[in-house]
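Numbering-wise (this note's numbering), the sequence shown opens with residue 448 and increments by one.
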Amino acid sequence: MVINFIKKKTIGLLLKSATNVSDKTLINITKVLEKFGNETSKAAVKSVREMIEQNTVGYQFIRRMIKNIAPIYKEKIIENLVVQGLILNLKKKDKERKKGGAVPTTVLISPTMRCNLRCTGCYAGNYSMKDDLPFEVVDRIIKEGKKMGVSFYTFLGGEPFLWQPLFRILEKHRDAFFQIYTNSTLITEDIAKKLLKTGNAIPILSIEGFEKKTDERRGKGIFKKVISAMDILKSYKIPFGFSVAVTRKNAEEVSSDEFIDFMIEKGAYIGWFFLYMPVGAKPDPKLMPTPKQRLHLYHRDAKIRETKPIFIIDFWNDAPWVGGCIAGKEYVHITSTGDVEPCIFTHMAVDNIKNKSLREVMNSDYFRALRERQPFHNNLFLPCQWIDNPEVSREMMEKYNIYPTHPGADDPIKDKKVRQAIDNYAKEVHRLYAPVWKNSQFYKNRKQ
């Protein structure tokens, strides 16, 4: 405990000093930081040093963030995410994994499925407060996670800001860090002040492109509310990101220079791209981006990272960086009813967190089977058990005592038209991504 405390303070002081020093001093700081942690964290620190030495766009992003966010956010990002999450928690995680257990990088929690919007294709429906997760359950999940070495948690839903205990959780768990996916409509100056009080939660604002595309899917006037929320957060120096559900209708727009530049101008530091998934009740495969649009996004990801000071994560095209599918391994989703899903897009479960611990649900036969099968394909650009390798989800459904977590959740498996549309998609995406994989550095590294 004492050694960990000294480590935490030493690393924290080094990183805090990095906010106002020269590049040369920063390089020296990274050399000191390399002495802490395991091989993975040392490699990460080394890559940061190389970014500084080469003055990459990635380094410009870090400098941009350091310069513009509130001091309490700098402190919490350093202490909770970097020091605790990436360095000090490694021993806890290694201990769990040596026992054969799994420790997620983040735990996704939907404390409520209530939402004040009705977006096209969204799985959120009509819910009431009685369907919400109690404060005590969410509190226990986070406590158990921290004991296992998890310091990063993601709130989504539904609309998390409708869940009344949200700020009690942020206040109680000041040593953890949170990401909150929101439709933005409830973000006011009062909410910004509450976020600024703890400094341990980054809002991720959902948007579908510019005004026309956003209002088409989310409702008239929503785009302006999202932009207003961004302006409020920026004025309080609260770091935030944006999240896009990439569909057939907006794939080109959301990956364009114009849109990314606009997001940077509004103050976003992070951008998440999620392909629209034909899951949930009454899934619509026609909303899915085509395989060609998915490939277009892959090429745009690279260009954006080369030229824009923003951190972009593409949930599908970045799969090779994490070895393919991470469901039930690096992350897990807990619904508002307590059902434990391996993935936010897999609305199936075998356990409920209300009667089992986080450690127990992470090690169910179902989750273990998923981890043993991963990656589901040698081509790591094809990670998904639903749209890339649909035979996996169908086999799992037959083999394990899996139940749908809401009415209609098994439509992608039972509905013949949806199944056929997914099979056609999978065939084409395999064809398009075969040469991409063969020409990638990931493939070459695996062959060595």
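Glycine included, C-beta positions come from ideal geometry on N, C-alpha and C.
Name the DSSP beta bridge partners of residue i, please?
| i | result |
| --- | --- |
| residue 555 | 601 and 780 |
| residue 795 | 851 |
| residue 472 | Partner(s): none; residue 472 has no beta bridge. |
| residue 786 | 799 |
| residue 718 | 689 and 759 |
| residue 648 | 625 |
| residue 774 | 778 |
| residue 958 | The structure shown has nothing for residue 958, since the chain only spans 448 to 895. |
With a CB to CB cut of under 8 Å and the five nearest residues on each side skipped, what residues in its chain are close to residue i?
| i | result |
| --- | --- |
| residue 582 | 612, 615 and 616 |
| residue 781 | 554, 555, 556, 557, 580, 588, 787, 788 and 800 |
| residue 806 | 543, 548, 591 and 595 |
| residue 812 | 797 and 847 |
| residue 849 | 795, 796, 797, 813 and 843 |
| residue 604 | 557, 558, 559, 560, 561, 562, 571, 610, 628 and 783 |
| residue 869 | 725, 732, 833, 834, 837 and 859 |
| residue 752 | 504, 505 and 759 |
| residue 672 | 631 and 632 |
| residue 578 | 559, 560, 561, 783 and 784 |
| residue 866 | 837, 859 and 860 |
| residue 770 | 821, 822 and 827 |
Sorted by chain position, which residues of the same chain lie with C-beta nearer than 6 Å to residue i's C-beta, five sequence neighbours on each side aside?
| i | result |
| --- | --- |
| residue 646 | 519, 520 and 523 |
| residue 627 | 602, 607, 648 and 650 |
| residue 396 | Shown here, the chain extends from 448 to 895; a query on residue 396 therefore has no answer. |
| residue 888 | none |
| residue 681 | 714 |
| residue 641 | 614 |
| residue 683 | 639 and 643 |
Of all the options the options, which has the alpha carbon lying nearest to the alpha carbon of residue i?
| i | options | result |
| --- | --- | --- |
| residue 775 | 751, 741 and 810 | 810 |
| residue 896 | 641, 652 and 642 | Lying before the first or after the last residue shown, residue 896 is absent from the chain, which here runs from 448 to 895. |
| residue 845 | 808, 685 and 797 | 797 |
| residue 506 | 515, 495 and 516 | 495 |
| residue 654 | 591, 738, 803 and 564 | 564 |
| residue 562 | 636, 469, 884 and 632 | 632 |
| residue 569 | 834, 819, 517 and 735 | 735 |
| residue 795 | 586, 593, 517 and 779 | 779 |
| residue 880 | 525, 739 and 711 | 739 |
| residue 483 | 877, 532, 732 and 618 | 532 |
| residue 490 | 513, 504, 534 and 469 | 534 |
| residue 624 | 604, 600 and 850 | 600 |
| residue 841 | 517, 812, 830 and 859 | 859 |
| residue 620 | 634, 604, 644 and 849 | 644 |
| residue 529 | 493, 545, 598 and 768 | 598 |
| residue 666 | 566, 677 and 578 | 566 |
| residue 664 | 884, 695, 637 and 636 | 695 |
| residue 851 | 618, 792 and 884 | 792 |
| residue 618 | 637, 593, 636 and 586 | 586 |
| residue 718 | 756, 683 and 824 | 756 |
| residue 804 | 545, 552, 593 and 893 | 593 |
Does the distance from the CB of residue i to the CB of residue j come in under 8 Å?
| i | j | result |
| --- | --- | --- |
| residue 721 | residue 764 | no |
| residue 746 | residue 698 | no |
| residue 639 | residue 679 | yes |
| residue 762 | residue 508 | no |
| residue 847 | residue 873 | no |
| residue 701 | residue 656 | yes |
| residue 837 | residue 830 | no |
| residue 550 | residue 754 | no |
| residue 634 | residue 517 | no |
| residue 808 | residue 820 | no |
| residue 536 | residue 622 | no |
| residue 768 | residue 826 | no |
| residue 687 | residue 716 | yes |
| residue 552 | residue 712 | no |
Can you list, in chain order, the residues of its chain with a C-beta nearer than 7 Å to that of residue i? Leave out the 5 residues immediately preceding and following it.
| i | result |
| --- | --- |
| residue 539 | 595 and 596 |
| residue 875 | 738 |
| residue 584 | 785, 800 and 801 |
| residue 877 | 829 |
| residue 492 | 477, 480 and 481 |
| residue 511 | 756 |
Is the CB of residue i under 8 Å away from at least one CB in chain B?
| i | result |
| --- | --- |
| residue 598 | Judged by its chain identifiers, the structure shown contains no chain B, having just a single protein chain. |
Quiz item: Are at least three pairs of beta-carbons, each pair with one atom in the region 467-479 and one in the region 490-500, less than 8 Å apart?
Solution: yes
Quiz item: Taking one C-beta from the region 683-693 and one from the region 702-717 each time, how about it: are there three or more such pairs within less than 8 Å?
Solution: yes
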